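Trainee:
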Amino acid sequence: MGVTQERLERFEANRGRLFGVAYRMLGEASEAEDVVQDAYLRWERSDSAVSPEAWLTKVVTNLCLDRLTSARARREQYVGPWLPEPVATSDGALGPLETVEQRESLSLGMLALLERLTPPERAVFVLREAFGHSHREIAEILEVTEPHVRQLYRRAQQHITAERPRFAATSEQRQQLLEQFIRAALDGDVPALERMLAEDVVAWADGGGKAPAARRPVVGRDRVVRGLLGVSELRQRLRFELDVVNGEPAVVVYLDDRLTAITLPEFDGDRIVAIRSVTNPDKLAFISNQKM
0 MGVTQERLER
10 FEANRGRLFG
20 VAYRMLGEAS
30 EAEDVVQDAY
40 LRWERSDSAV
50 SPEAWLTKVV
60 TNLCLDRLTS
70 ARARREQYVG
80 PWLPEPVATS
90 DGALGPLETV
100 EQRESLSLGM
110 LALLERLTPP
120 ERAVFVLREA
130 FGHSHREIAE
140 ILEVTEPHVR
150 QLYRRAQQHI
160 TAERPRFAAT
170 SEQRQQLLEQ
180 FIRAALDGDV
190 PALERMLAED
200 VVAWADGGGK
210 APAARRPVVG
220 RDRVVRGLLG
230 VSELRQRLRF
240 ELDVVNGEPA
250 VVVYLDDRLT
260 AITLPEFDGD
270 RIVAIRSVTN
280 PDKLAFISNQ
290 KM
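Structure follows, in structure tokens:
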């Protein structure tokens, strides 16, 4: 059957939230868009739903569960560290970011941690933490019992609690720290970089074999500083912008006016404890389109 204007409007009213669910489930914006489009086609063919929000959430969640198994197999063959596809969030593309939990659930650090969960654990965690669904609602979405949902949620929390990203600094403080970090990197200011980096800082770079990037995480202040010194050698060709990416202040890097990296340092107080950079051009395509 053809979709009526009213049903189209009801779907569009849910599109941002559905994309937010799919992206958190998959860690890939392009895949999430495909899932939302598939959900729309099913919505177009369906009879009227009593609760379109619940119906669409169930469809999107189950489509993501179907894709996660094959996605995990692909990531086992990935060249170098795998990081989620970055998404600019200053325009509300991924739904509401009003609470710490909603913002945290989008961070590259958290999305990378969610890779450790089983698909059902990830679904329960995302629906509960990022979208505030009750255990009963999640049980209906997954077609399992409520006690089983509670068990999945408890297991998910146990898997990631010890390594959850730290959000001690406010967004404004992190932006100021980022500006200091950029200046120090451009100037090749070793003492300043050493003051900003935690001794056990870890840097991940996702080039996917398509852009220059370390094939393994770089661990330790001295090694990370040495890697950052290459920035000052290219300073005449580099341009940096600050933006909100995955709910966090981030550094958007242009080389010869071409988007070449998205870098998100993770802070604990005023120290950087982790740096995640995405340089794989395939993974920069979505955010490049957002900025056009």
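For the sequence shown, numbering that gives the first Met the number 0 gives the first residue as 0, with consecutive numbering after it.
We treat Cβ as the ideally placed atom computed from N, Cα and C, and that holds for glycine.
All figures in this text were calculated on a predicted structure; none of them were measured in a lab.
#1: So, for Glu198: in the same chain, excluding its five sequence neighbours on each side, which residues have a beta-carbon less than 6 Å away from its beta-carbon?
#2: So, with DSSP's three-state summary, where would you put Met0?
#3: Rounded to whole angstroms, what is the Cα-Cα separation between Val272 and Met195?
#4: Which residues does DSSP list as the beta-bridge partners of Ala202?
#5: By how many angstroms is the C-alpha of Asn13 removed from the C-alpha of Glu75?
#6: Please classify Thr60: does DSSP put it in a helix, a strand, or coil?
#7: Once you ignore the five residues that flank Val148 on each side, which residues in its own chain have a CB closer than 6 Å to its CB?
#8: Spatial neighbours of Thr259 within its chain, please: CB distance less than 7 Å, with the 5 preceding and 5 following residues excluded, ordered by chain position.
#9: Per DSSP, what kind of secondary structure is Glu84 in: helix, strand or coil?
#10: Please tell me whether Leu93 and Leu25 are closer than 8 Å, where the distance is taken between their beta carbons.
#11: Among Asp256, Ala31 and Phe10, which residue has its Cα nearest to the Cα of Phe285?
#12: Three or more beta-carbon pairs under 8 Å between the stretch 99-118 and the stretch 37-45, yes or no?
#13: Would a C-beta distance cut-off of 8 Å place Tyr152 and Arg121 closer than the cut-off?
#14: Apart from the five residues on each side of it in sequence, which residues of its chain come closer than 6 Å, Cβ to Cβ, to Glu265?
#15: Once the 5 residues before and after Ser29 are set aside, which same chain residues still bring their CB inside 8 Å of it?
Mentor: Working from what's here:
#1: Cβ neighbours of Glu198 beyond the five flanking positions: Arg220.
#2: In this prediction, Met0 has a pLDDT of 49, which is less than 50 and means its spatial position is unreliable; nothing more can be read from the coordinates.
#3: Cα to Cα, Val272 sits roughly 9 Å from Met195.
#4: DSSP output for Ala202 lists Val217 and Ile274 as bridge partner(s).
#5: About 33 Å.
#6: If DSSP states are grouped into helix, strand and coil, Thr60 belongs with the helices.
#7: If the five residues before and after Val148 are omitted, its C-beta is found closer than 6 Å to the C-beta atoms of Val123, His134, Ile137 and Ala138, all from its own chain and listed in chain order.
#8: Correct list, in chain order: Val252, Tyr253 and Thr278.
#9: In the structure shown, Glu84 falls within a coil segment according to DSSP collapsed to helix, strand and coil.
#10: Remark: C-beta atoms of Leu93 and Leu25 do not approach each other more closely than 8 Å.
#11: Nearest option by C-alpha distance: Ala31.
#12: Contact check between the stretch 99-118 and the stretch 37-45: fewer than three CB pairs, one atom from each, fall below 8 Å, which does not count as touching.
#13: Cβ atoms of Tyr152 and Arg121: not closer than 8 Å.
#14: Closer than 6 Å at the Cβ level, and outside the excluded window around Glu265, lie Gly108, Pro164, Val272 and Ala273.
#15: So the list reads Glu84, Ala284 and Phe285, once near-sequence residues are dropped.
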